[in-house]
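A.B. asks: Okay, so the sequence shown: first residue is 1110 according to our numbering, each after it adds one. By construction, the Cβ of each residue, glycine as well, lies at the ideal position given by its N, Cα and C atoms. Following this message is one structure expressed as structure tokens.
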Amino acid sequence: MRILVLIAIGLLLYFIIGNLLRKNRQQAPLIGEKMVQCKHCKLHILEQEALRSSDDYYCSQEHLDESK
Ligand SMILES: [Zn+2]
């Protein structure tokens, strides 16, 4: 009976630690990636997803074109 309790505690710890590791993995890219603002609509986007025109960033091709 004692071994079942140990297995239950082991599984519980496994799930808790697994959840914590998953949460850290999801948050890590957000900390590492830079947010930029669309010059046209002021929407915040990730730098890697933004369209860049000289020193300005845009959320979409339309906004880049409209700001020209
Ligand atoms: Zn925009």
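(1) May I ask you to report which of helix, strand or coil DSSP gives Q1170?
(2) For the beta strand (DSSP E) containing Q1146, name the first residue and the last one.
(3) Which residue or residues does DSSP assign as beta-bridge partners of S1163?
(4) At the level of alpha carbons, what is the spacing between L1130 and H1153?
(5) For C1168, count neighbouring Cβ atoms within 10 angstroms of its own Cβ and tell me buried if that reaches 16, exposed if not.
C.D. replies: Quick answer:
(1) In the three-state reduction of the DSSP assignment, Q1170 falls in the helix class.
(2) Run containing Q1146: M1144 to Q1146, per the beta strand (DSSP E) assignment.
(3) Assignment of beta-bridge partners to S1163 by DSSP yields no partner.
(4) Between L1130 and H1153, the C-alpha separation is close to 27 Å.
(5) Buried: at least 16 other Cβ atoms inside 10 Å.
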